[in-house]
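Following: one structure in structure tokens, then a few remarks.
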Amino acid sequence: MPYKFVVIALAITVTSIRCFTGEDLTNDLKFIKVCNLSSPIGAYSMNDVLENKNLDNTKSRPFKCFLHCLLTKYGWMDQDGGFLLHDIRETLEQSDIQLGTMEYILYSCTATKSIDRCVRAHFFTDCFWKKMEEVKAMRLIYFDAIETQLFCCLLNSQG
């Protein structure tokens, strides 16, 4: 798989909350390049994470520090590994995330006892992805239920 595709896919994943403009995508790619220079990770590792949205197989320090670098560039963490809750909230408020999900991300995904900035970034990203997958699954269940109700109503009205 071409490296360029992997980089674009990571940019889209990392910024799944934001809407893209051409400038955003350019910045995303720049951030990924800078972070990959300071904490190099292989294209195959990056691709594996993106395909599975699972950080369990990415315990390497360079990958965790790569995530810290990205979260710092996006203004969600400071250099020491502190979470910038106001900035995270501001970004999440611009999306269609429900209040409960936003609060979970803000307070549960940042609740790590580690003082290591790279470990903290890894914990946050894993928590964030798991919560977003849960929300996605709930939306699918909800829309399937609505679709079933509509189908039943149509059948009843024709019978």
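Residues -19 to -1, 1 to 140, numbered by mature numbering (1 follows the signal peptide of the UniProt record, and there is no 0), are exactly what the sequence shown covers, in order. Backbone N, C-alpha and C fix where the C-beta goes; we use that ideal spot for every residue, glycine too.
- Hey, how far is the Cα of cysteine 65 from the Cα of serine 95? Note that residue 65 is leucine in the sequence shown here, rather than cysteine. Cα to Cα, leucine 65 sits roughly 16 Å from serine 95.
| query | Looking at C-alpha atoms only, which residue of Leu48, Asp97 and Gln75 is the closest neighbour of tryptophan 110? | reply | Leu48
Are residue 168 and threonine 82 touching if we call contact CB-CB under 8 Å?
A question about residue 168 goes unanswered here, because the residues of the chain that appear run from -19 up to 140.
Quick check on lysine 14: buried or exposed, where buried means 16 or more other Cβ atoms within 10 Å of its Cβ? exposed
Using the Cβ count rule (16 or more neighbours within 10 Å means buried), how would you classify histidine 103?
buried
>> Here's the rule I'm using: 16 or more other beta-carbon atoms within 10 Å means buried, otherwise exposed. How should arginine 42 be labelled?
In response: exposed
How should tyrosine 55 be labelled, buried or exposed, when 16 other C-beta atoms within 10 angstroms of its C-beta is the threshold for buried?
buried
Straight-line Cα distance separating asparagine 8 from cysteine 90:
25 Å
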